[in-house]
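Worksheet: the structure to be examined is printed underneath.
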Amino acid sequence: MWSGRSSFTSLVVGVFVVYVVHTCWVMYGIVYTRPCSGHGRCIQPYLAQRPKLQLSVYTTTRSNLGAENNVDLVLNVEDFDVESKFERTVNVSVPKKTRNNGTLYAYIFLHHAGILPWNDGKQVHLVSPLTTYMVPKPEEVNLLTGEPAAQQIEAKKKPTSALDEPVSHWRPRLTLNVMVDNFVFDGASLPADVHRYMKMIQLGKTVHYLPILFIDQLSNRVKDLMVINRSSTELPLTVSYDKISLGRLRFWIHMQDAVYSLQQFGFSEKDADEVKGIFVDTNLYFLALTFFVAAFHLLFDFLAFKNDISFWKKKKSMIGMSTKAVLWRCFSTVVIFLFLLDEQTSLLVLVPAGIGAAIELWKVKKALKMTVVWRGLQPTFQFGTYSESEKKTEEYDTQAMRYLSYLLYPLCIGGAVYSLLNIKYKSWYSWLINSFVNGVYAFGFLFMLPQLFVNYKMKSVAHLPWKAFTYKAFNTFIDDVFAFIITMPTSHRLACFRDDVVFLVYLYQRWLYPVDKSRVNEFGESYEETPQRKPHAD
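The following block contains the structure:
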C-alpha cells in the first residue's frame with residue numbers, strides 16, 4: 191500500500207511524463223507537415239517556376255502604407271536569389287518625428303524584378319517596427335566620486351522623471367527569411383500558422399502560393415538596442431537574409447507567438463528577451479535539449495521543495511541540527527534572491543529563488559519555535575546530551591570553519607572595498623547587496639567544505655538515502671547545463687560549478703570511506719542500523 195506522500199510524488203512524475211510526451215507529439219506535428227496526396231485541392235509553390243525577383247526595403251513613420259512619396263527606399267536587391275544568403279548594413283535616415291520619441295517602420299517587399307511593388311499584383315510584403323519603447327538602463331556611477339559612465343553623461347542632462355519613462359530605442363537588425371521548400375500543400379488541411387503568411391493566386395486551373403516571406407523577430411535582442419537621441423539623424427541597420435525550411439519556419443512562428451503571449455501576460459521586454467536568447471543561433475537539436483533540461487530542472491526543483499517541506503513539517507525538535515546553519519541558509523537564500531532581483535535576472539531563475547527564500551523563512555520560524563520548546567523541556571527530559579560521535583563532529587566542524595574563515599574574511603572585505611573603488615553601481619543598495627552576495631557565495635563554499643573535512647577526520651560519511659542522493663546528483667548537473675542556457679549573473683553561474691567540485695569530492699569520499707548510519711546527515715536525519723537479535727541459546 192503506497193503512502194500518501196509516495197502517491198503524490200508518483201502522480202506528479204506521471205503528469206510530468208505525460209506532459210513531456212504530449213509536447214514531443216505536438217512538436218512533431220509542427221515540424222512535420224503532411225503534403226498533398228493529389229486527390230484533394232493541391233496548392234503548388236510559385237517559386238517552382240523560378241521567377242526573377244527583387245527585394246526592396248522601405249521606411250516610413252506610418253504603420254499603414256500610404257502614398258509612394260511617403261516612404262524612403264533604404265535597400266534594393268536586384269536579381270534577388272532566394273537560395274543565396276547575404277548580410278548588408280545601410281544607414282537609415284531618422285525622421286524628426288522618430289527622434290522626438292516617435293516610431294519608424296520598415297516595409298519589406300518581395301516582387302518581380304523591374305516592376306515597382308505598388309504596380310505588381312504578385313508581390314508579397316511584411317511590415318516590421320524598427321523602434322521599440324523601453325525604460326533606459328539605470329545610471330551607474332562611482333559611489334565615492336559620483337562620476338557617471340561616459341555613455342551616460344548625455345542622459346544625465348535629462349530630468350530625473352524622464353529617465354523613468356519609456357523612450358524610443360532603435361533595433362539595429364532586420365532578419366528576413368523565405369521558405370524555399372518546393373512543398374505542395376493540401377488546400378483542405380492548411381496549417382493555420384503558415385496560412386496567415388500565405389498569399390494565393392490562380393494560374394489557369396492551378397492554385398499557387400506566392401513566396402512565403404518571414405521576419406525573424408527573435409533575433410532582435412535587448413542588448414543590441416540603441417537609444418534614439420534628438421541628434422541621431424542617421425542610424426545603422428543590418429539587413430540579413432537566409433533561406434528557411436518549412437519545418438523550421440513553422441517552429442519559429444510558434445516560438446514568436448509564444449514570446450508575444452508572454453508579453454501579453456505582463457512579461458517585460460527583458461523577460462521575453464531571455465526566452466528569445468534560448469532560440470537564437472541554435473539548432474533544433476540543442477533546442478530539444480534545452481526543453482528537456484528546463485523541464486527536468488523544474489521537476490526536480492518541485493520535488494526538492496516538496497521533500498524539504500515534508501521533512502520540516504514532521505520535525506518536532508532541533509536535536510542533531512544546527513540552528514545557526516538554518517539561520518545562515520535563510521540569510522544567504524534571501525540575499526541571493528535580492529541580488530537576482532536587483533540584477534533583473536530572468537524569471538526562470540528568479541521565481542525558484544523567490545520560492546526557496548520563502549521556504550527558508552518558514553523553516554527559520556519553525557526552527558526558532560522548536561528551539562524555544564526544546565530549551566524549556568531540556569532540564570526535565572535531558573534532550574541535550576550528545577554522543578561521543580556528535581561531540582567529535584561538532585569539534586571537527588568548528589575547527590574547519592575556523593581555518594577557512596582566516597582566508598575568506600579578508601577576501602570578502604577586500605573584495606567589497608575593491609568594488610567600491612573601481613566598479614560603478616546604480617546605488618549604495620546595489621553595492622551593498624553585491625558585496626553581501628559575494629560573501630554569501632564565498633561562505634556558501636565555506637559551509638560546504640567543513641562536511642568534507644569532518645568526513646576526512648572521521649574516516650566515514652553520513653548515510654544519505656538513494657532518493658535524496660539521486661535528486662542531489664541530477665540537480666547538480668542539470669544546474670550546470672541550465673547555467674549555460676539561461677542568462678544570469680556570472681557569480682551565480684560560478685556558484686553552480688562550485689557545487690560540482692564539492693559533489694565530486696563527496697563521491698570520492700563515499701567510495702573511499704564506509705557509511706556511518708549513526709551520523710546525522712545534511713538533512714538532519716540519522717539512520718541507525720537496527721541492532722541484531724541475540725542468537726537463541728541451544
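Residues 191 to 728 in the numbering used here are what the sequence shown lists, from first letter to last. Positions of the beta carbon are idealized from the N, C-alpha and C atoms, including for glycine.
Pair within 7 Å by beta-carbon distance, residue i and residue j
| i | j | result |
| --- | --- | --- |
| F529 | I623 | yes |
| Y295 | T250 | yes |
| L255 | V314 | no |
| V357 | N260 | no |
| V148 | C232 | Residue 148 is absent from the model: the chain starts at 191 and stops at 728. |
| A547 | V524 | yes |
| H359 | T322 | yes |
| I405 | S283 | no |
| L300 | L403 | yes |
| A238 | N372 | yes |
| V203 | V272 | no |
From the options, residue whose alpha carbon lies closest to that of residue i
| i | options | result |
| --- | --- | --- |
| F732 | L201, F206 and S197 | Residue 732 cannot be examined here, being either before or after the span of the chain that is shown, 191 to 728. |
| S650 | V630, Y696, N612 and L610 | Y696 |
| L702 | W618, N645, V691 and D690 | N645 |
| K286 | K504, L517 and L425 | L425 |
| D532 | M648, W621, V267 and L300 | W621 |
| A606 | R592, N628 and C226 | N628 |
| F270 | V280, A494, Y615 and R240 | R240 |
| A378 | V216, C214, I545 and P225 | P225 |
| G228 | I298, G204 and D376 | D376 |
| Y297 | S246, M324, V272 and D414 | S246 |
| G604 | K647, F626 and P326 | F626 |
| N647 | Q446, E585, E355 and G204 | Contrary to the premise, residue 647 reads as Lys rather than Asn in this sequence. Comparing Cα-Cα distances from K647 to each of Q446, E585, E355 and G204, the minimum goes to E585. |
| M390 | S500, G311, T213 and Y619 | G311 |
| M388 | L551, Y236 and V483 | Y236 |
| K504 | D690, Y222 and M560 | M560 |
Supposed contact pair residue j and residue i - C-beta distance, whole angstroms, cut 8 Å
| i | j | result |
| --- | --- | --- |
| C520 | K556 | About 11 Å separates the two Cβ atoms, so there is no contact after all. |
| H398 | Q234 | 5 Å |
| R278 | L265 | 7 Å |
| R361 | L316 | Contact doesn't hold; Cβ gap of about 15 Å is too wide. |
| A462 | Q453 | 5 Å |
| V210 | A448 | Incorrect: roughly 17 Å between the Cβ atoms, too far for contact. |
| V692 | L611 | Actually they do not touch by this definition, with Cβ atoms about 32 Å apart. |
| V280 | V412 | Contact doesn't hold; Cβ gap of about 23 Å is too wide. |
| D498 | I549 | 6 Å |
| L380 | M324 | Actually they do not touch by this definition, with Cβ atoms about 37 Å apart. |
| Q446 | Q392 | Actually they are not in contact, since the Cβ atoms of Q446 and Q392 sit about 30 Å apart, beyond 8 Å. |
Sequence-distant residues of the same chain with beta carbon closer than 6 Å to residue i, five excluded per side
| i | result |
| --- | --- |
| L540 | L530 |
| F276 | Y431 |
| L263 | Y248 |
| T350 | Annotation note: pLDDT 44 at T350 (below 50); position unreliable, coordinate value reported separately. For T350, where only same-chain residues beyond five positions count, there are no Cβ hits under 6 Å. |
| S451 | none |
| I305 | none |
| C214 | none |
| V420 | The residue you asked about is not Val; residue 420 is Arg in the sequence shown. The answer, listed in chain order, is R289. |
| V465 | V449 |
Contact set for residue i: own chain, Cβ-Cβ below 7 Å, skip 5 residues either direction
| i | result |
| --- | --- |
| V516 | K553, V554 and A557 |
| I220 | R440, F441 and H444 |
| W502 | K553 and K556 |
| A543 | I526, F527 and L530 |
| D491 | P542 |
| V208 | none |
| S422 | V284 and R289 |
| Q699 | L642, N645 and V651 |
| K348 | In this prediction, K348 has a pLDDT of 48, which is less than 50 and means its spatial position is unreliable; what the coordinates show is noted afterwards. Taken in chain order, the list of residues that qualify is empty. |
Cβ-based neighbour list, residue i, same chain, cut-off 8 Å, excluding 5 preceding and 5 following
| i | result |
| --- | --- |
| T199 | L493 and K496 |
| A303 | K242, L243, Q244, E268, D269 and F270 |
Say whether the stretch 431-446 touches the stretch 383-398, bearing in mind that this needs 3 or more beta-carbon pairs closer than 8 Å, one atom from each stretch.
-> yes
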